[in-house]
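There are 2 protein chains.
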Amino acid sequence: MDHVTAFRRFNRYFTRRIGVLDDHYLGQDRPLGEARLLFEIGDGASLRELRSRLGLDAGYLSRMAKALQAQGLARLSAHPRDNRLRMIELTPAGRLEVTEQDRRAGAAAAGLLEGLGEAQRAELTRAMATAQRLLRLAGITVTLVDGAAPDARACLDAYAADIDARFPEGFDKDDLVRPREVSGDAGAFFVAYEEHRPVGCGALRRLEPGVGEIRHVWVHPDARRLGLARRLLDALEQEASARHFTVVRLDTHAALTEAQAMYRACGYTDIPAYDDNVYASHWFEKRLDG
Amino acid sequence: MDHVTAFRRFNRYFTRRIGVLDDHYLGQDRPLGEARLLFEIGDGASLRELRSRLGLDAGYLSRMAKALQAQGLARLSAHPRDNRLRMIELTPAGRLEVTEQDRRAGAAAAGLLEGLGEAQRAELTRAMATAQRLLRLAGITVTLVDGAAPDARACLDAYAADIDARFPEGFDKDDLVRPREVSGDAGAFFVAYEEHRPVGCGALRRLEPGVGEIRHVWVHPDARRLGLARRLLDALEQEASARHFTVVRLDTHAALTEAQAMYRACGYTDIPAYDDNVYASHWFEKRLDG
DNA sequence: ATAGTTCTTTGACTTTAGTCAAAGGTCCGA
DNA sequence: TCGGACCTTTGACTAAAGTCAAAGAACTAT
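Chains G and D are the protein sequences, given in the same order.
Each residue of the first sequence is one higher than the one before, starting from 62 at the first, in this note's numbering.
Each residue of the second sequence is one higher than the one before, starting from 62 at the first, in this note's numbering.
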């Protein structure tokens, strides 16, 4: 049986068997739309945000929000800085309702797991975690963007903040690549997106003829341990090949031991220092044949 | 993180991410109810069957069936032997529509898996198979029923047909336990149900004071490899303990090698023949302490 | 300051989904 | 062969979900 068939079979089984359950317990005595909205408000959100998250019509959402307010479950207010936007947040009663929903759904889930022994439950949890990890990874797309694009800069800022906290000596944002170093002929910049949010990046720049350098491979904390860094690395290497680089190099900081392990696992070998990067303690390179 | 939380997290992620996809692609330009019905008709079914499978109101279903017929997608006819029932089957146009739905959903699934490498796809398939197996097992309930109940007899009939095909010498239905041997003080009979369908059984009867015999442990072919036989065995042993039996015995046929392996794995030890069952080649017993 | 854009609200719908009860034909067991 | 049980159809509803367009307030860039 091929993977697509297996995937669809699971999909069908799961939505029929479990998905239904969740919806059923979520709704109870309230229209499902309202219940979902209530749940999605969480710690407050703008109507605009909810509209795009839930994919609802503006008019429809407006009315539902009003209905929740009329029931004393939510409160609408103006956005502090943009008066076009409306913020919605839960009242204590609304919060209570959400936790009650949660309790019911939890009880239903517990009832469902009751038929399994402890070892089997652990096995199920493990299998689900694996499936979820791979599904998330499958949903992430790695795309080439301009080095000056807002998403690229946002990733680099996050990257800089991240390593600034991890390097004992800190990290100076001026040491990031310049947009022009990773645009056009000079290099390339990739951003990984999960549901339209940037969750990782990686840069490639020309070091000398035939030699590229990979820099700033970074993955958002929420998206770690999925195997995304490898995918970024793959994309960067493919780009390097397309540019007829025969070698890619990179350096890493002593503090980033996982990164070093990953580079070695991906076929990179230790080489002597090829630059005087003050943050670097290890230098690697990899021959590309493709 | 406990199993219930992990379970619900996966549930939420999966329904949001994947479940939606299926419904969306399934429906396309047709109401979801009709699309589901169309799909569920398959190679023809009675309205009654569809009603219980989909849990729909009789009137609602009747109207939807008529709508499908009006669109030229299905054909209604009388049941050949029971004129109260109506049969519904797909027309060629309906069949085309279903395969088209199927193609689209398959393409969507394939697109989703595109981001993964072959090894990762295999890992995902494996994880999903594990999860599905355990979820199915969790959904099966093992209940005590009267030995003369129709479900009990249906299981025994299926069991008899099953082993009749597997034993070289065949199997005579008269050698099954009698209802009264497994009812009341004399013994017990368990049936395993999956979504209200009997999918397995097991009998316990008193052999002599303090000693019980387990017989006819059977699992429906569709429900094998889930770990259900062990659950039936557990239920039978618990029942035996409750009846203050200190020992349970059982015999098996030479052809049933998997069964023998399972009994050994569950703590049964080989003993000399305790009866002259013509079908038996191995005899086992297990001490119960509880 | 002005034109264009963004966001929400409101009114006026339509479609889908689902329920309930009455009625009529059919089957089955006594 | 008669009464009760079964199955489907039909009429008459309701509630939920969703769509579309107009209008008004507020922001943004030029």
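Every residue, glycine too, gets a C-beta built ideally from N, C-alpha and C.
- Against chain G, the CB of Tyr74 of chain D has a partner CB under 9 Å away; the residue lies at that interface.
- In this chain, the beta strand (DSSP E) harbouring Cys262 of chain G covers Arg258 to Glu269.
- DSSP lists D:Phe345 as the bridge partner or partners of Asp331 of chain D.
- By the C-beta density criterion, Gln89 of chain G is exposed, having fewer than 16 other C-beta atoms within 10 angstroms.
- Taking a beta-carbon distance threshold of 9 Å, Ala296 of chain G does not count as an interface residue toward chain D.
- Contact annotation: Ala253 of chain D and Ile332 of chain D have beta-carbon atoms that are not nearer than 9 Å.
- Secondary-structure assignment with DSSP links Ala106 of chain D through a beta bridge to D:Ile149.
- Under the 9 Å criterion on CB atoms, Glu184 of chain G is classed as interfacial with respect to chain D.
- Residues are counted here when their Cβ sits less than 7 Å from a Cβ of chain D; for the region 141–175 of chain G these are Ala166, Gly167, Ala170, Ala171, Leu173 and Leu174, given in chain order.
- Scanning chain G for C-beta atoms nearer than 9 Å to the C-beta of Gly200 of chain D yields Arg78, Leu173 and Gly176, reported in chain order.
- The Cβ atoms of Gly176 of chain D and Arg292 of chain G sit closer than 9 Å to each other.
- In this structure, G:Arg286 is the residue among G:Ala296, G:Arg286, G:Ala126 and G:Glu298 with its C-alpha nearest to the C-alpha of Gln193 of chain G.
- As computed with DSSP, Ser138 of chain G is found in a beta bridge with G:Met148.
- Annotated as proximal: Leu195 of chain D and Ala188 of chain G, with beta-carbon spacing under 9 Å.
- In the structure shown, the three-state DSSP call for Thr76 of chain D is helix.
- Contact between the region 220–230 of chain G and the region 94–106 of chain D is absent, with fewer than three C-beta pairs closer than 8 Å.
- Look at Tyr254 of chain D here: in three-state DSSP terms it is strand.
- When DSSP states are grouped into helix, strand and coil, Ala249 of chain D belongs to the strand group.
- Leaving aside the five residues that flank Thr313 of chain D on each side, the residues in its chain whose CB is nearer than 6 Å to its CB run, in chain order, Ala320, Gln321 and His343.
- In the DSSP assignment, Leu205 of chain D is bridged to D:Phe251.
- Val206 of chain D is a Cβ neighbour of Phe250 of chain D, given a cutoff of 9 Å.
- Around the beta carbon of Asn144 of chain D, a 10 Å sphere encloses fewer than 16 other beta carbons of the protein chains shown; the residue is thus reported as exposed.
- Here the C-alpha atom of Gln299 of chain G lies approximately 38 Å from the C-alpha atom of Thr76 of chain G.
- Following the DSSP letters along the chain, one finds Arg187 of chain D inside the alpha helix (DSSP H) bounded by residues Glu179 to Gly200.
- Taken atom to atom, the span from the alpha-carbon of Arg182 of chain G to that of Ala170 of chain G is near 12 Å.
- Judged by beta-carbon spacing, Gly94 of chain G lies within the 9 Å limit of Tyr121 of chain G, meaning their Cβ atoms are closer than that value.
- Residues of chain G whose Cβ lies closer than 7 Å to the Cβ of Arg69 of chain D are, in chain order, Ala166, Gly167 and Ala170.
- Between the alpha carbons of Ala213 of chain D and Met125 of chain G lies a distance of about 51 Å.
- Put simply, the CB of Gly288 of chain D is near chain G, with a gap under 9 Å to one of its CB atoms.
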